[in-house]
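Report on the following structure.
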Amino acid sequence: MKIADKSRAKERITASSILNAFLLSCLIVSGCVPPSTTVLRTPTRDALVEEIHKFKGTPYHYGGSTPKGTDCSGFTMTVFSRFGVKLPHSASGQFNMGKSVDRSNLKIGDLLFFRTQGSKVVNHVGIYLWEGKMVHASSTDGVIVVPFTGNIYYERRYAGARRIIDF
């Protein structure tokens with residue numbers, strides 16, 4: 017073998033070794049990096065209002081959770097599911113979710129809970145909007161926006177608020 021041929025063979029081995037080392041390094045590093053995860057779009061107030069608006073005027077239907085008919089917890093369950101949050105289909109079950117919020121610190125999207133019809137347990141839920149208003153599925157009027165602050169009926173029956181998503 018000539019000196020020139022030996023030199024080229026050595027260059028090929030060196031180049032091949034460098035390439036192999038590079039590829040091996042890539043494999044090692046990629047094995048050390050955690051797999052990517054899907055990140056949910058951060059919910060916005062506008063997106064929440066948009067979801068709520070889809071239900072406006074929906075008739076009340078006990079056990080329902082669609083824009084064709086819904087009850088209070090079905091309404092909140094479905095709205096929050098659009099943001100990747102799984103809520104139970106009961107007001108009392110939802111009352112155990114998220115974190116407690118003082119009435120003076122209510123924000124859009126907070127769930128408001130009530131004990132209606134003389135109940136000792138939470139049996140009604142709505143969503144706080146702004147300026148003392150809430151949206152809920154009324155058994156007589158369907159999904160409507162009503163005053164919460166200053167409304168004697170709801171103030172007397174108020175059980176608490178929970179923040180599920182910080183909008």
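For my numbering, add 16 to where a residue sits in the sequence shown, where the first one is 1.
The beta-carbon is built from N, C-alpha and C at its ideal position, and this holds for glycine as well.
Can you tell me where the alpha helix (DSSP H) holding residue i begins and where it ends?
i	result
Ile-68	61 to 71
Ile-168	168 to 173
Less than 7 Å between the C-beta atoms of residue i and residue j, yes or no?
i	j	result
Phe-71	Pro-83	yes
Ile-124	Phe-164	no
Ser-108	Val-138	yes
Arg-179	Lys-115	yes
Arg-131	Arg-173	yes
Pro-75	Gly-166	no
Leu-122	Ala-175	no
Ile-181	Phe-129	no
Given 6 Å as the limit, tell me if residue i has its C-beta closer than that to any heavy atom belonging to the ligand MG.
i	result
Phe-164	Questions concerning the ligand MG fall outside what the structure shown contains, since it holds no ligand whatsoever.
If you follow the beta strand (DSSP E) that residue i is in, where does it begin and where does it stop?
i	result
Tyr-76	That residue, Tyr-76, is in no beta strand (DSSP E); it is neither H nor E in DSSP.
Ile-160	158 to 163
Suppose the cutoff is 7 Å on Cβ atoms and the five residues either side in sequence are ignored; what does the same chain contact list for residue i look like?
i	result
Thr-92	Leu-103, Gln-110, Leu-127, Val-141, Ile-143
Grab me the residues of residue i's own chain with a C-beta within less than 6 Å of its C-beta, minus the 5 sequence neighbours each way, in chain order.
i	result
Ser-154	Ile-160
Glu-66	none
Thr-94	Ser-81
For residue i, I'd like the list of residues in its chain whose CB is within less than 8 Å of its CB, leaving aside the five on either flank, ordered along the chain.
i	result
Gln-133	Asn-139
With DSSP collapsed to three states, give me the class of residue i.
i	result
Val-49	Confidence at Val-49 is low in this model, with a pLDDT of 40, below 50, so the placement of that residue should be treated as unreliable; the coordinate-derived value is given next. Three-state DSSP puts Val-49 in coil, outside helix and strand.
Ser-81	strand
In chain order, each alpha helix (DSSP H) run of at least 4 residues that lies wholly inside the stretch 94 to 153: You should have 107 to 110.
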